[in-house]
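One structure below.
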Amino acid sequence: RVIFTRQLSTLVKAGLTITQALNTAVEHVARTPFQGILVRVVASAEGGSTLADAFAEFPEVFSHVYVSLIGAGETSGTLDKALERLADQLEKEDAILRQIRGAMIYPVIVLVVILLVIIFMLISILPSVKDLYDSLNKDLPFLTQLLLGVADFTVHYWWLTILILIALGAGLRSYFHTPAGIRLKDRTKLKAPVIGVLFTKVYMARFARTMASLINSGVPILQALEIVSEAVSNIIIRDIVLQGSQAVKGGKSLSAVLENNDYFLNLVPQMVKIGEDSGTLGDMLDRTAVFYEDEVDQA
148 RVIFTRQLST LVKAGLTITQ ALNTAVEHVA RTPFQGILVR VVASAEGGST
198 LADAFAEFPE VFSHVYVSLI GAGETSGTLD KALERLADQL EKEDAILRQI
248 RGAMIYPVIV LVVILLVIIF MLISILPSVK DLYDSLNKDL PFLTQLLLGV
298 ADFTVHYWWL TILILIALGA GLRSYFHTPA GIRLKDRTKL KAPVIGVLFT
348 KVYMARFART MASLINSGVP ILQALEIVSE AVSNIIIRDI VLQGSQAVKG
398 GKSLSAVLEN NDYFLNLVPQ MVKIGEDSGT LGDMLDRTAV FYEDEVDQA
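This note's numbering applies: residue 148 is where the sequence shown begins, and numbers increase by one.
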């Protein structure tokens, strides 16, 4: 999707018609289900649909932000610039996700090794400790007895242990798909030690980058806020942005709504206020996004 958007942006900027640009870009996409979707997008565009409507037929691939930026570009006659902004945004989001995933590899490996060491100790070392205590006619400490009980159960009923772990995993996964579970998971991301700060900066960068792209493409601020609320992918931040949308509709400034909010870092409302006062909200949000993207890199 990132590569396709960049190619489409370049082709439209070069002066090709939409259908020519689409057909050329589709030719460079590998034969995957994504190419099949793009062929249907081309068919819709050639059949008279707007490009935004053609992309909107596939919400599982092209997000609300994607469609809105395309629609704003078509309406204002600046589709090439809208596509360029969109390609830039997708590339930056992809780069951040890659960095986070890459940074998580080492801690995950360490945790797996720790888990294997614990299992080895439970199964191999603790029984030796029990034999030593028995030879001395001494009772094991309660905690050690508890660990030995877990080890014995795991060894003798390994099949039941696996079933319990699978059931526990399935139960947690189901819970985290419920409204209460999603809210708990998203709040934990923001409040967790160490990684909470990282996630908060990711959401600040995503909020600022998406908001800047929408405003610079000519999307009205209320509509932009509603779109951004879904784009941040965190229900806690989403609720704050939606409350901000209602407050702005009622006459308040966006900076006043975001100010003193526990989940929004101080720089965001400050930069928003400067942008509101100077009439350069899009540019100020763009600078905010760059700042937090750099912060995420460092973190």
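Using N, Cα and C, we set each Cβ at its ideal position, and we do this for glycine too.
Keep in mind the model is a prediction, meaning the values are calculated, not measured.
Of the other Cβ atoms in all chains shown, fewer than 16 fall within 10 Å of the Cβ of E193; this residue is therefore exposed. Taking C-beta atoms under 8 Å as the contact rule, H211 and I374 qualify, at a distance of about 5 Å. Distance from the CA of A168 to the CA of S360, rounded to the nearest whole angstrom, comes to 22 Å. With a cut-off of 8 Å on Cβ pairs, the segment 177-185 is not in contact with the segment 251-258, counting fewer than three such pairs. Only exposed fits V341, as fewer than 16 other CB atoms lie within 10 angstroms of its CB. Going by DSSP, A192 is part of the alpha helix (DSSP H) stretching over 180-193. The residue among L262, S196, S400, N363 with its C-alpha nearest the C-alpha of T225 is N363. In this chain, I270 is not harboured by any alpha helix (DSSP H), its DSSP state being neither H nor E. If the five residues before and after T435 are omitted, its C-beta is found closer than 7 Å to the C-beta atoms of A355, L414, V415, M418, all from its own chain and listed in chain order. V176 sits in coil when the DSSP states are folded into three classes, being neither helix nor strand. Contact check for D409 and G422: beta-carbon distance about 22 Å, past the 8 Å limit, so the pair fails to qualify. Under the DSSP assignment, K336 falls in the alpha helix (DSSP H) whose first and last residues are 326-338. If you draw a straight line from the Cα of N170 to the Cα of K420, it is about 43 Å long. When DSSP states are grouped into helix, strand and coil, T164 belongs to the coil group. By the criterion of a C-beta distance shorter than 8 Å, V366 is surrounded in its chain by S215, L216, A219, I374, once the five residues flanking it on both sides are discounted. L244 sits away from S156, with the two beta carbons spaced by 9 Å or more.
Exposed is the label assigned to D444, since fewer than 16 other Cβ atoms lie within 10 Å of its Cβ.
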